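Numbering (this note's numbering), first residue to last: 133 to 261.
See below:
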């Protein structure tokens, strides 16, 4: 199976030369996912809404590549304000429930734009029967 590139339609993907997701065999790599609603290119001010938008974008990219959220085995979170961590983790708990991927949280000085509070990347592995 050849490598497949998936886009969310963000104009920045083409400008910066990256794909939202890359499907390579039984693996899906999703990165650069921030809190924008990529249909409207609007980003909410609060971390909870941004997190929900991130997971919505991740789920759509995975689905387009033939994967499900249950296939996620690894997640990396970048957050700009440690004070937002509890609200962010509450959304992660809702989304991942019993999936419970291996995760890392990094508190960073900033992301590409100041309105971005979080960025998420995940790796998924297609389950075999």
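Think of the CB as a built atom: it goes at the ideal place given N, C-alpha and C, for glycine as much as any other residue. Since we're looking at a predicted model, the values are computed, not measured.
Residue from the options with nearest C-alpha to residue i
{"i": "residue 189", "options": "139, 198, 155 and 230", "result": "139"}
{"i": "residue 170", "options": "158, 161, 179 and 187", "result": "187"}
{"i": "residue 200", "options": "137, 211 and 258", "result": "258"}
Residues sharing a beta bridge with residue i, DSSP
{"i": "residue 206", "result": "234 and 255"}
{"i": "residue 162", "result": "153 and 254"}
{"i": "residue 175", "result": "According to DSSP, which records beta bridges pairwise, residue 175 is partnered with nothing at all."}
Where residue i falls: helix, strand or coil (DSSP)
{"i": "residue 156", "result": "strand"}
{"i": "residue 240", "result": "coil"}
{"i": "residue 213", "result": "coil"}
{"i": "residue 135", "result": "coil"}
Closer than 8 Å: residue i CB and nearest the ligand SAM heavy atom
{"i": "residue 207", "result": "For the structure depicted, the ligand SAM is absent and the ligand set is empty, with no information on it obtainable."}
Cβ shell of residue i (< 8 Å), same chain only, five flanking positions each side left out
{"i": "residue 235", "result": "206, 207, 208, 209 and 224"}
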